[in-house]
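To keep things clear, I will list the structure first and then write my remarks on it.
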Amino acid sequence: MSTTTEEPELQKGPDREPDPEPKPEPEEPEVAPGDADPKKEEPGEEAAIQSGEPEGDPSPKGEAPARPELRKDEGNRTFTMRELLNELKNDDAAEGPNNPDGERREVDSPYSQESLQQINAEQNNAAMELIDSVTGVDEEGRSRQRILTYAARRYASSISRNPGDYDALYNWALVLQESADVVSPDSTSPSKDALLEEACKKYDEATRLCPTLHDAFYNWAIAISDRAKMRGRTKEAEEFWKQATRNYEKAVQLNWNSPQALNNWGLALQELSAIVPAREKQTIVRTAISKFRAAIQLQFDFHRAIYNLGTVLYGLAEDTLRTGGSANAKEISPNELYSQSAIYIAAAHALKPSYSVFAFLVCLWITIALS
Numbered sequence: 058m059s060t061t062t063e064e065p066e067l068q069k070g071p072d073r074e075p076d077p078e079p080k081p082e083p084e085e086p087e088v089a090p091g092d093a094d095p096k097k098e099e100p101g102e103e104a105a106i107q108s109g110e111p112e113g114d115p116s117p118k119g120e121a122p123a124r125p126e127l128r129k130d131e132g133n134r135t136f137t138m139r140e141l142l143n144e145l146k147n148d149d150a151a152e153g154p155n156n157p158d159g160e161r162r163e164v165d166s167p168y169s170q171e172s173l174q175q176i177n178a179e180q181n182n183a184a185m186e187l188i189d190s191v192t193g194v195d196e197e198g199r200s201r202q203r204i205l206t207y208a209a210r211r212y213a214s215s216i217s218r219n220p221g222d223y224d225a226l227y228n229w230a231l232v233l234q235e236s237a238d239v240v241s242p243d244s245t246s247p248s249k250d251a252l253l254e255e256a257c258k259k260y261d262e263a264t265r266l267c268p269t270l271h272d273a274f275y276n277w278a279i280a281i282s283d284r285a286k287m288r289g290r291t292k293e294a295e296e297f298w299k300q301a302t303r304n305y306e307k308a309v310q311l312n313w314n315s316p317q318a319l320n321n322w323g324l325a326l327q328e329l330s331a332i333v334p335a336r337e338k339q340t341i342v343r344t345a346i347s348k349f350r351a352a353i354q355l356q357f358d359f360h361r362a363i364y365n366l367g368t369v370l371y372g373l374a375e376d377t378l379r380t381g382g383s384a385n386a387k388e389i390s391p392n393e394l395y396s397q398s399a400i401y402i403a404a405a406h407a408l409k410p411s412y413s414v415f416a417f418l419v420c421l422w423i424t425i426a427l428s
């Protein structure tokens, strides 16, 4: 039996997926129970580990089924582009005659001001070239990209004045990540991967300047996960998934009260388990289960985490049955794992009956039980 896994979502503003993504979470990918899998969720909704939410689901920005939502884990809402532009206007006022250099963002840095300005000038040029080459596939996409391009120019300007402005770096990374969502999947100039790679560089720099910026670690993990999904089950993808899990772990360490980060961490582990050698798989799967359980403990009605827990338990049951079970008498039997899986998937359906995948799996379980 194959089931899809709910993906994480990217979130640009305080926690939102709990209905990215996403960012990504979002958001997003699809996973079979034996497989594992964030772009933007209700604090950024979670997504199937391979990218894509259940078919028929509304989009995370309206609940998009394909990727995690960019997000800040500070609250329970996601920033809109209108709010982003208002923030930029407020920044202008703050940087007025009495503060022309944006000193409010200055922080200690291992680099000299001069060297940072030179490094950022080069990076700004490369990033802006990518942004300028993005064109939406439809009028809505083109309109959105015009706003993103405007925002990118403002952040580039802020960084040129103050290389230590980690907020500007973080927000620019969000813009690059959102732009990757605008381009066509088969675009080569620029490619989604190039935009995500540049976003990752900005997140890296922002977290070096401000190591406690948990939102950056969260969205950085989603960007890395999206890059991993483009590479299938390869060694390179394995390394990306490992990086993503480390960043989700850091995000949770900095903000433990984030069910979305825990859920996405579980999804990344689930995806990683499908690539690593068989001897490592069960350990990683069991760790993923613990993350989904932790997310549910923080938010008992988090239907995506409940659904993902059901699919990962199903996959574990399949693997246990295929390998002949465990010699450890304390291990749960495959039948018990199947039963637990059915209970969680049914619970997810009860919480979100409009999700077609949930309904399909419940019907499938009933069919199996009666056969």
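The numbering of the sequence shown is the numbering used here, which starts it at 58 and goes up by one.
By construction, the Cβ of each residue, glycine as well, lies at the ideal position given by its N, Cα and C atoms.
| task | Figure out for me which residue from Ser315, Glu262 and His360 has the closest Cα to the Cα of Asn228. | result | Taking the sequence shown and counting its residues from 1, the one referred to as residue 228 is at position 171. The residue with the shortest Cα to Cα distance from Asn228 is Glu262.
| Under a three-way DSSP split, which group does Met185 fall into? | For the purposes of this step, residue 185 is taken as residue 128 along the sequence shown, with counting starting at 1. If DSSP states are grouped into helix, strand and coil, Met185 belongs with the helices.
| request: Put Ala331 into one of helix, strand or coil per three-state DSSP. | output: If you number the sequence shown from 1, residue 331 lands on position 274. If DSSP states are grouped into helix, strand and coil, Ala331 belongs with coil.
| query | Looking at C-beta atoms only, is the number of pairs between the stretch 324-332 and the stretch 288-296 that lie closer than 8 Å three or more? | reply | yes
| Unbroken alpha helix (DSSP H) run spanning Lys292, endpoints | Position 235 of the sequence shown, counting from 1, holds the residue named residue 292. Taken as a continuous stretch (DSSP letters only), the alpha helix (DSSP H) holding Lys292 covers Lys292 to Leu311.
| Near the ligand ATP: Ala374 beta-carbon under 7 Å from a heavy atom | Although the ligand ATP was asked about, the structure shown includes no ligands whatsoever.
| How would you call Trp313, buried or exposed, if buried means at least 16 neighbouring beta carbons within 10 angstroms? | On the sequence shown, residue 313 is found 256 positions in, with the first residue counted as 1. Answer is exposed; the Cβ neighbour count stays below 16.
| query | Between the Cα of Asn181 and the Cα atoms of Asp195, Gln234 and Lys258, which residue gives the shortest distance? | reply | Along the sequence shown, read from residue 1 onward, the residue named residue 181 stands at position 124. Here the closest residue by C-alpha is Lys258.
| To which residues of the same chain is Val191 closer than 7 Å at the C-beta, ignoring the five residues directly before and after it? | Here the question's residue 191 lines up with position 134 in the sequence shown. So the qualifying residues of the chain are Gln202, Ser236, Val239, Val240 and Pro247.
| field | Identity of the residue in Thr377, Tyr364, Asp272 and Thr302 nearest Tyr412 by Cα | value | Position 355 of the sequence shown holds residue 412. The shortest C-alpha separation from Tyr412 is found at Tyr364.
| Apart from the five residues just before and just after Lys409, which ones in its own chain have a Cβ nearer than 7 Å to its Cβ? | In the sequence shown, the residue the question calls residue 409 occupies position 352. Result list for Lys409: His360 and Phe415, in chain order.
| Terminal residues of the alpha helix (DSSP H) in which Gly381 lies | Here the question's residue 381 lines up with position 324 in the sequence shown. Unbroken run through Gly381: none, as it is neither H nor E.
| First and last residue of the uninterrupted alpha helix (DSSP H) at Cys267 | Taking the first residue of the sequence shown as position 1, residue 267 is located at position 210. Note, Cys267: premise wrong, no alpha helix (DSSP H); not H, not E.
| query | Taking Gln397 as the reference, which of Gly381, Thr368 and Leu378 has the closest Cα? | reply | Taking the first residue of the sequence shown as position 1, residue 397 is located at position 340. Selected option, being the one with the closest Cα: Thr368.
| For Gln234, does the count of other Cβ atoms within 10 angstroms reach 16, so buried, or fall short, so exposed? | Taking the first residue of the sequence shown as position 1, residue 234 is located at position 177. Buried, since its Cβ has 16 or more Cβ neighbours within 10 Å.
| DSSP-derived helix/strand/coil call for Val15 | Because residue 15 is not part of the residues shown, which for the chain are 58 to 428, the question remains open.
| query | Between Phe357 and Ala308, which are expected to be in contact by the criterion C-beta below 8 Å, what is the C-beta distance as a whole number of angstroms? | reply | Counted from its first residue, the sequence shown places residue 357 at position 300. Counted from its first residue, the sequence shown places residue 308 at position 251. With a Cβ gap of about 21 Å, Phe357 and Ala308 do not count as contacting.
| request: Please report the Cβ distance between Gly323 and Phe349, rounded to the nearest whole angstrom; I am assuming they are in contact, meaning their Cβ atoms lie under 8 Å. | output: One-based indexing of the sequence shown puts residue 323 at position 266. One-based indexing of the sequence shown puts residue 349 at position 292. With a Cβ gap of about 4 Å, Gly323 and Phe349 count as contacting.
| Between which two residues does the alpha helix (DSSP H) containing Arg288 stretch? | Taking the first residue of the sequence shown as 1, we reach residue 288 at position 231. Taken as a continuous stretch (DSSP letters only), Arg288 belongs to no alpha helix (DSSP H), as it is neither H nor E.
| task | Check whether the Cβ atoms of Ala301 and Ala285 sit closer than 8 Å, and answer yes or no. | result | As a first step, residue 301 is located in the sequence shown; it is residue number 244 there, counting from the start. As a first step, residue 285 is located in the sequence shown; it is residue number 228 there, counting from the start. Cβ distance < 8 Å, so Ala301 and Ala285 count as in contact.
| Own chain residues within Cβ distance below 6 Å of Cys267, not counting five before or after | Along the sequence shown, read from residue 1 onward, the residue named residue 267 stands at position 210. For Cys267, where only same-chain residues beyond five positions count, the Cβ hits under 6 Å are Tyr223.
| said: Can you give me the C-alpha to C-alpha distance between Ile346 and Asn320, rounded to a whole angstrom? | reply: The sequence position of residue 346 within the sequence shown is 289, counting from 1. The sequence position of residue 320 within the sequence shown is 263, counting from 1. Going by the C-alpha atoms only, they are around 10 Å apart.
| request: Using three-state DSSP, classify Leu233 as helix, strand or coil. | output: As a working mapping, residue 233 is identified with position 176 in the sequence shown. Looking at Leu233 - three-state DSSP - the assignment turns out to be helix.
| message | Please report the straight-line C-alpha distance between Leu394 and Leu270, rounded to a whole angstrom. | response | Taking the first residue of the sequence shown as position 1, residue 394 is located at position 337. Taking the first residue of the sequence shown as position 1, residue 270 is located at position 213. If you take the alpha carbons of Leu394 and Leu270, they lie about 38 Å apart.
| task | Under 6 Å Cβ to Cβ from Ala256, same chain only, skipping five residues before and after it: list those, please. | result | Mapped onto the sequence shown, residue 256 falls at position 199. Cβ neighbours of Ala256 beyond the five flanking positions: Ala230, Leu233, Gln234 and Ala280.
| message | According to DSSP, simplified to helix, strand and coil, what is Phe415? | response | Sequence index remark: in the sequence shown, residue 415 carries index 358 (1-based). It is helical.
| field | Supposed close pair Pro316, Ala278 - CB separation, criterion 8 Å | value | Within the sequence shown, numbered from 1, the residue matching residue 316 stands at position 259. Within the sequence shown, numbered from 1, the residue matching residue 278 stands at position 221. Actually they do not touch by this definition, with Cβ atoms about 15 Å apart.
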